[in-house]
Amino acid sequence: MGSVAFKRDIVVESEHAEERTYRRGEFDMRMVINRSHLHMRIMDYRSGNYEQKCALLDAMAREEGLRKVFTVVEKQDSNSWRSAGFVREAVFPSFFRTADAYMMSRIYGPDGQPEQVSALKSSTDEQTKFPGRKLRKPDALTLDSVTSERERGEIQEQGGLALRTLPFSRVRPPELAVRGRARKVKPTFVCAEVDDSFAHAMIGFSPVPDSEPSMVLCAYAGNLLISQVLEREIATVFAVSPLDDRWSNELLSGLGFKVTGRLLSHLRVDDPRDGGAPEFTNALLWHRRIAPKKQ
């Protein structure tokens with residue numbers, strides 16, 4: 016397909032992400048490139064042959080040095096993306112309010128060429144719990160909402176790889192953020208990117224928990240944030256964590272989330288400042304319904 020010059024179509028950009036549009040002929044797409052993890056989400060594709068779309072996205076991935084391109088679609092669209100070379104990775108329950116969504120992905124090698132991959136299978140060891148105990152309230156616990164948009168933006172920028180799921184559908188500061196502090200524990204932030212039109216939200220923690228005390232602090236902050244999300248009449252909350260991250264997975268499971276899929280090479284784990292070849296890990300997609308289904 017040749018060179019794909021679409022930099023002039025950048026809508027919004029930050030240090031770690033760019034939101035773009037691509038309108039050429041029959042193609043009309045919006046996309047978010049997550050620089051931290053070298054992946055791109057495609058949205059608002061209104062027309063165009065799927066195989067031609069795939070060729071276009073392959074060219075974009077090569078030019079941008081991306082590891083992964085994915086889209087989140089309704090069931091009837093997933094087969095068309097699969098026929099074009101995408102793999103179904105996970106289910107987003109009630110992503111479109113009353114309809115589930117499927118995450119369709121395509122993985123690229125270091126040479127920019129698509130790789131032949133299969134979806135990861137689930138495992139019984141994914142569902143961990145707070146081990147039959149009530150979490151003790153941390154000493155000198157304080158929780159407060161971050162109301163300044165500027166400060167929420169700084170949290171996102173400084174979080175880097177920690178706020179793994181944000182941005183998910185747009186490049187702007189998280190709509191909600193809670194700061195948690197306690198004695199002898201590093202302060203934590205939990206943030207939410209909210210999509211009011213579909214009544215769902217993505218959440219992320221910064222820094223991610225790396226010990227029992229930090230996990231407990233994140234749990235208290237997470238509970239407060241989820242209550243604030245519910246006040247926005249949001250019904251469903253999603254999160255992503257590295258497959259082998261013990262503390263993050265225990266945190267999300269304890270907060271009532273359930274795993275709905277495994278994501279191939281979704282998160283970058285090395286420090287880009289080191290200058291080495293990028294290293295990636297698989298991830299878990301988590302889901303929790305926080306509002307009762309309407310009868």
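Note that the sequence shown ends on residue 310 in the working numbering; no numbers are left out. No residue lacks a Cβ here, since even glycine has one placed at the ideal position from N, Cα and C.
- Linking residue 127 to residue 255 through their CA atoms gives a straight-line distance of about 25 angstroms.
- Inter-residue distance for residue 185 and residue 75 is about 19 angstroms (C-alpha atoms, whole angstroms).
- Straight through space, the alpha carbons of residue 101 and residue 94 are spaced by roughly 9 angstroms.
- Cβ contact annotation for residue 216 (same chain, cutoff 6 angstroms, sequence separation greater than five): 207, 209, 244, 249 and 252, in chain order.
- Inter-residue distance for residue 198 and residue 115 is about 42 angstroms (C-alpha atoms, whole angstroms).
- In this structure, the CA atom of residue 98 is about 36 angstroms from the CA atom of residue 290.
- If you draw a straight line from the Cα of residue 218 to the Cα of residue 107, it is about 14 angstroms long.
- The beta carbon of residue 171 sits closer than 7 angstroms to those of 178, 181, 188, 189 and 206, all from its chain and outside the five residues before and after it, given in chain order.
- Taking each of 160, 89, 211 and 227 in turn and checking the Cα distance to residue 269, the smallest one comes out for 227.
- For a cut-off of 8 angstroms, the C-beta gap from residue 150 to residue 193 is around 16 angstroms, too long to register as a contact.
- DSSP places residue 238 inside the alpha helix (DSSP H), whose first and last residues are 227 to 246.
- Listed in chain order, the beta strand (DSSP E) elements of length 3 or more contained wholly in the region 46 to 98 are 54 to 58 and 83 to 88.
- Of the residues assessed, residue 277 falls on the buried side of the cut-off, its CB having 16 or more other CB atoms within 10 angstroms.
- Every beta strand (DSSP E) stretch that sits fully inside the region 258 to 286 and reaches 3 residues is listed by chain position as 273 to 283.
- Within the same chain, and ignoring the five residues on either side of residue 271 in sequence, the residues whose Cβ sits closer than 6 angstroms to its Cβ are 303.
- In the three-state reduction of the DSSP assignment, residue 210 falls in the strand class.
- Under the DSSP assignment, residue 195 falls in the beta strand (DSSP E) whose first and last residues are 191 to 197.
- Residue environment for residue 80: exposed (fewer than 16 other C-beta atoms within 10 angstroms of its C-beta).
- Ranked by Cα distance from residue 282, the options 24, 54 and 262 are led by 54.
- In the displayed model, residue 130 falls within coil according to three-state DSSP, outside both helix and strand.
- Rounded to whole angstroms, the separation of the alpha carbons of residue 204 and residue 44 is 33 angstroms.
- As the crow flies, the alpha-carbon of residue 103 is around 28 angstroms from that of residue 26.
- Listed as beta-bridge partners of residue 215 by DSSP are 210 and 251.
- With a threshold of 16 other beta carbon atoms within 10 Å, residue 68 meets it and is buried.
- Here residue 41 carries a coil assignment [DSSP, helix/strand/coil].
- For the pair residue 232 and residue 274, the CB atoms are not nearer than the 8 angstroms cut-off.
- Under DSSP, residue 178 shares a beta bridge with no residue.
- Per DSSP, residue 121 is one residue of the beta strand (DSSP E) stretching across 114 to 122.
- Here residue 289 carries a helix assignment [DSSP, helix/strand/coil].
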